[in-house]
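Report on one structure; see the data block that follows.
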Amino acid sequence: MSNNTLICRSAKCKTLKILNISKTMSKTIFIGVAAVVIAGIFYFYNTYDLGVNSFSSEKDKPVATLKGVQYSMMGNKSTTACKDFSVLTWNVWFGTGQKWDAPAKRWVELLHIVVGKKPDVIGFQECTADFLKIVQGHTEFSNLYVALNDKPAHSRYFVMIYKRKELKTLKKDTITFKTQHDRRCEYLDVEKEGAKFRFGTVHIESYVTSPNIREIQMGTIFDVLQDKKAKNKELAFLVGDFNFHETDKENKFIETSQFKDTWRVVHKEAPGYSFESKHNLMNQHAMLVGEGISTPTFLRFKKTFINKKKEKQTNTSKNGVRKLDIDRSS
Numbered sequence: 033m034s035n036n037t038l039i040c041r042s043a044k045c046k047t048l049k050i051l052n053i054s055k056t057m058s059k060t061i062f063i064g065v066a067a068v069v070i071a072g073i074f075y076f077y078n079t080y081d082l083g084v085n086s087f088s089s090e091k092d093k094p095v096a097t098l099k100g101v102q103y104s105m106m107g108n109k110s111t112t113a114c115k116d117f118s119v120l121t122w123n124v125w126f127g128t129g130q131k132w133d134a135p136a137k138r139w140v141e142l143l144h145i146v147v148g149k150k151p152d153v154i155g156f157q158e159c160t161a162d163f164l165k166i167v168q169g170h171t172e173f174s175n176l177y178v179a180l181n182d183k184p185a186h187s188r189y190f191v192m193i194y195k196r197k198e199l200k201t202l203k204k205d206t207i208t209f210k211t212q213h214d215r216r217c218e219y220l221d222v223e224k225e226g227a228k229f230r231f232g233t234v235h236i237e238s239y240v241t242s243p244n245i246r247e248i249q250m251g252t253i254f255d256v257l258q259d260k261k262a263k264n265k266e267l268a269f270l271v272g273d274f275n276f277h278e279t280d281k282e283n284k285f286i287e288t289s290q291f292k293d294t295w296r297v298v299h300k301e302a303p304g305y306s307f308e309s310k311h312n313l314m315n316q317h318a319m320l321v322g323e324g325i326s327t328p329t330f331l332r333f334k335k336t337f338i339n340k341k342k343e344k345q346t347n348t349s350k351n352g353v354r355k356l357d358i359d360r361s362s
């Protein structure tokens, strides 16, 4: 991430200056030392504010986290000319003003990570108008990706889809459903190398009291995606923040649908998680006021679904799911 990049750049700069040490040795040494000190300051600052790389030892690091997941499906050569199609999902909400939030810095770092992973299509959840401004001003990202809809919704936060500019857009639309919190699903039909794909992203209803509403919302979304899939035999993805985990009743609903949880396809024995109570600063803060989760808890709310029928036409391996660097404090 950026702190590591800063250190690498400092080291590179120092090496280049050492090549000319015979001419300006004292000046070079001073500049090199100063660069290392500054890089160290940036490392500490970013570690504290961004909440990344903040573990005391390797054993504390999550091994199956899903804050951001890139899922690559290799197309069957007999059915499509497309060699691969990758999607990425990320919930970009970073708190409500606590000292560890630093959303603007996190968003810049997040976009840098996304560009490095080179996904074809991206689904962002819990976007805000401020996040949209960061995206639009991020040259590295905006030169490669274009938004499905770059106008913020009237709600406090919303979902967005970005795709690589060279991919052909066939259709874009919104799925509306019963909701108490102004939620909706955005989806996109895109073509790559002659193969057609459907990609949707959603932020399902929150709160533990809403399982029935979540099932209704998922049913509405699946109806739209499955109808299109059945007609045109397209590979369909649904990504997002679903606000339920493996032991919740809503997960049983998924198991009876035509869609399958991609993490479970690849990692059959490891449930994975996107929430981990020990290092979650928001949870730790909640515990100070008598709320939050005190026992070690690992839950996965961020998911990527793919239709089961197409699963057999893909070559999925453990290399097909690649973890991104994750924000471990949200």
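Numbering-wise (the numbering used here), the sequence shown opens with residue 33 and increments by one.
For glycine and all other residues, C-beta sits at the position ideal for the given N, C-alpha and C.
Computed from a prediction, not measured in an experiment: that's the story for all the values here.
When the Cα atoms are used, what is the spatial distance from Lys-335 to Thr-160? Within the sequence shown, numbered from 1, the residue matching residue 335 stands at position 303. Within the sequence shown, numbered from 1, the residue matching residue 160 stands at position 128. About 21 angstroms.
With 16 as the cutoff for other CB atoms within 10 Å, does Arg-138 come out buried or exposed? Residue mapping note: residue 138 aligns to position 106 of the sequence shown, counting from 1. Counting Cβ neighbours within 10 Å, Arg-138 comes out buried, since at least 16 surround it.
Roughly how many angstroms lie between the CA atoms of Lys-197 and Val-124, to the nearest whole one? Along the sequence shown, read from residue 1 onward, the residue named residue 197 stands at position 165. Along the sequence shown, read from residue 1 onward, the residue named residue 124 stands at position 92. Roughly 22 angstroms between the two C-alpha positions.
Which term fits Asp-162, buried or exposed, when burial requires 16 or more other beta carbons within 10 angstroms of its beta carbon? Locating residue 162 in the sequence shown gives position 130, counting from the first residue. Exposed, since its Cβ has fewer than 16 Cβ neighbours within 10 Å.
Just to confirm my understanding: we take Leu-176, look at its own chain, exclude 5 residues before and 5 after, and list those with CB closer than 7 angstroms. What are they? As a working mapping, residue 176 is identified with position 144 in the sequence shown. Answer for Leu-176: Val-147, Arg-196, Lys-197, listed in chain order.
Trp-122 (DSSP reduced to helix, strand or coil): On the sequence shown, residue 122 is found 90 positions in, with the first residue counted as 1. It is a strand residue.
Could you have a look at Asp-214 and say whether DSSP puts it in helix, strand or coil? For the purposes of this step, residue 214 is taken as residue 182 along the sequence shown, with counting starting at 1. Here Asp-214 sits in coil by DSSP.
What is the DSSP secondary structure of Lys-228, reduced to helix, strand or coil? Looking up residue 228 in the sequence shown gives position 196. Strand, per DSSP.
If you drop the 5 nearest sequence neighbours on each side, which residues of the same chain put their C-beta closer than 7 angstroms to that of Gly-169? Within the sequence shown, the letter at position 137 stands for residue 169. Closer than 7 angstroms at Cβ, skipping near neighbours: no residue.
Within the same chain, show all residues whose beta-carbon is closer than 8 angstroms to that of Ile-25, passing over the 5 residues directly before and after it, in chain order. Because the chain is modelled from 33 through 362, residue 25 falls outside the range shown and cannot be assessed.
Cβ atoms of Val-191 and Val-153: under 7 angstroms apart, would you say? As a working mapping, residue 153 is identified with position 121 in the sequence shown. As a working mapping, residue 191 is identified with position 159 in the sequence shown. In this structure, Val-191 does not lie closer than 7 angstroms to Val-153 by Cβ.
Does Ala-302 pass the burial test, meaning 16 or more other C-beta atoms within 10 Å, or should it be called exposed? Residue mapping note: residue 302 aligns to position 270 of the sequence shown, counting from 1. Its Cβ having fewer than 16 others within 10 Å, Ala-302 is exposed.
Report the option in Val-297, Phe-209, Val-298 whose CA atom is closest to the CA atom of Phe-254. Within the sequence shown, the letter at position 222 stands for residue 254. Measuring from the Cα of Phe-254, the nearest candidate turns out to be Phe-209.
In chain order, what residues of the same chain lie with their CB nearer than 6 angstroms to the CB of Arg-216, ignoring the 5 residues before and after it? Looking up residue 216 in the sequence shown gives position 184. Hits under 6 angstroms: Thr-206, Thr-208.
Let me confirm a value: Thr-201 is counted as buried when at least 16 other C-beta atoms fall within 10 Å, else exposed. Which label applies? As a first step, residue 201 must be located in the sequence shown, where it is residue number 169. Around the beta carbon of Thr-201, a 10 Å sphere encloses fewer than 16 other beta carbons of the protein chains shown; the residue is thus reported as exposed.
When burial is assigned at 16 or more other CB atoms within 10 Å of the CB, is Thr-171 buried or exposed? For the purposes of this step, residue 171 is taken as the residue at position 139 of the sequence shown. Burial call: exposed.
Can you tell which of Lys-204, Leu-267, Ile-193 has its C-alpha closest to the C-alpha of Gly-226? Within the sequence shown, numbered from 1, the residue matching residue 226 stands at position 194. Answer by Cα proximity: Leu-267.
Residue range of the alpha helix (DSSP H) that Gly-148 falls in? Taking the first residue of the sequence shown as 1, we reach residue 148 at position 116. It spans 135 to 149 - the alpha helix (DSSP H) in which Gly-148 sits, taken as one unbroken run.
Ends of the beta strand (DSSP E) at Ile-193? Counting from one through the sequence shown, the residue named residue 193 turns up at place 161. Counting along the chain, the beta strand (DSSP E) containing Ile-193 begins and ends at 190 to 196.
I need the straight-line Cα distance from Val-178 to Phe-269, nearest angstrom please. Here residue 178 refers to the residue found at position 146 when the sequence shown is read from its first residue. Here residue 269 refers to the residue found at position 237 when the sequence shown is read from its first residue. Val-178 and Phe-269: Cα-Cα distance of roughly 19 angstroms.
Inter-residue Cα distance where the pair is Phe-173 and Lys-149: Position 141 of the sequence shown, counted from the first residue, corresponds to residue 173. Position 117 of the sequence shown, counted from the first residue, corresponds to residue 149. Taking the straight line joining both Cα atoms gives about 12 angstroms.
Among Glu-218, Leu-199, Arg-296, the one whose alpha carbon lies nearest that of His-235: As a working mapping, residue 235 is identified with position 203 in the sequence shown. Among Glu-218, Leu-199, Arg-296, the Cα nearest to that of His-235 belongs to Glu-218.
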